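For the sequence shown, my numbering begins at 1 and goes up steadily by one.
Positions of the beta carbon are idealized from the N, C-alpha and C atoms, including for glycine.
The model shown is predicted, which means the values in this text are computed figures rather than measured ones.
Let me begin by presenting the structure, written as structure tokens, before commenting on it.
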Amino acid sequence: KRAFTQEQYDTAYAFAANWEKGLSIMLLLETGISRSELLGLRWEDLEIEKRCLRINQGLVVYHSEDEDKLVMESSGLKNRFRQRAIPIMNDDLWERLCRIPRTIDVGGMQVAPEQIFYSPEGKPYQPNNWANRVYRPFMRALHREHPDIPELTPHELRHTRATLWIAQGIDPYMAARLLGHSDLKMLTRIYDHTSEETLRNALLTAAGAAQDDDAE
């Protein structure tokens, strides 16, 4: 899998912060949640007092044999480890999440969407529609502006977040918990694919922390 370097991540995050529909991208970058988890977020999952998001369900699309058509539903997560709370540390991101309109005008009627990220009609975002309306236009625009930055998939943003957390020295068990993994197998694979540049930056970060300790 591909992943942004820290510099590419910082550029992508700043670009998303100035992109009209970039808030969901900012959240993916900041938290490492999956696309399904992002689109399944409801207002009750936004815990104001604790300043965190609760991941309780994912929005999925599947083919119903009974109805012989694609059906979209908000269902449970893959396993109990995926149900988790993620603190939002970035002040700007948290403020933007809290400012999302909870009611919108649709054809002269006030609609109150259940999801935090919803379609222009106030309905749950069909994953492919979100990708076509929000995600892919963002990635194309980012790549046009910064040709050195690759166009990653939402899952590769999740991989990016895990890679950078590890490089920044976050305890692997804590990283696994934030990502909703049941064990460290996934993080072991991330280590196997970590770039030399990321490893070098991790060593520099560790060396800087050691120097700070010595100075004290």
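Counting along the chain, I25 sits inside the alpha helix (DSSP H) bounded by residues 23 to 31. Rounded to the nearest whole angstrom, the CA to CA distance from A162 to H181 is 11 angstroms.
Shown here, A85 sits in a strand according to DSSP, grouped into three states. For L53, the enclosing beta strand (DSSP E) stretches over residues 52 to 55.
Rounded to whole angstroms, the separation of the alpha carbons of R102 and V111 is 8 angstroms. A direct Cα-Cα distance of roughly 16 angstroms separates Q8 from L27.
Under the three-state reduction of DSSP output, Q6 falls in the helix class. Under the DSSP assignment, I104 falls in the beta strand (DSSP E) whose first and last residues are 104 to 106.
Leaving aside the five residues that flank L93 on each side, the residues in its chain whose CB is nearer than 6 angstroms to its CB run, in chain order, M26, E30. About 11 angstroms separates the CB atoms of E156 and A12; that is not less than 8 angstroms, and the two are not in contact. If you draw a 10 Å sphere on the C-beta of P120, you find fewer than 16 other C-beta atoms in it, and that means exposed.
Spatial neighbours of E151 in its own chain (CB-CB distance under 6 angstroms, excluding positions within 5 residues in sequence) are listed in chain order as M139, H143.
Taking C-beta separations shorter than 7 angstroms and ignoring five residues to either side along the sequence, the partners of F117 in its chain run S24, L38, L39, L41, Y125, following chain order. Counting only the Cα atoms, P113 lies some 11 angstroms from V106. Secondary structure note for L157: its alpha helix (DSSP H) is the uninterrupted segment 154 to 167.
Where Q110 is concerned, the enclosing beta strand (DSSP E) starts and stops at 109 to 111.
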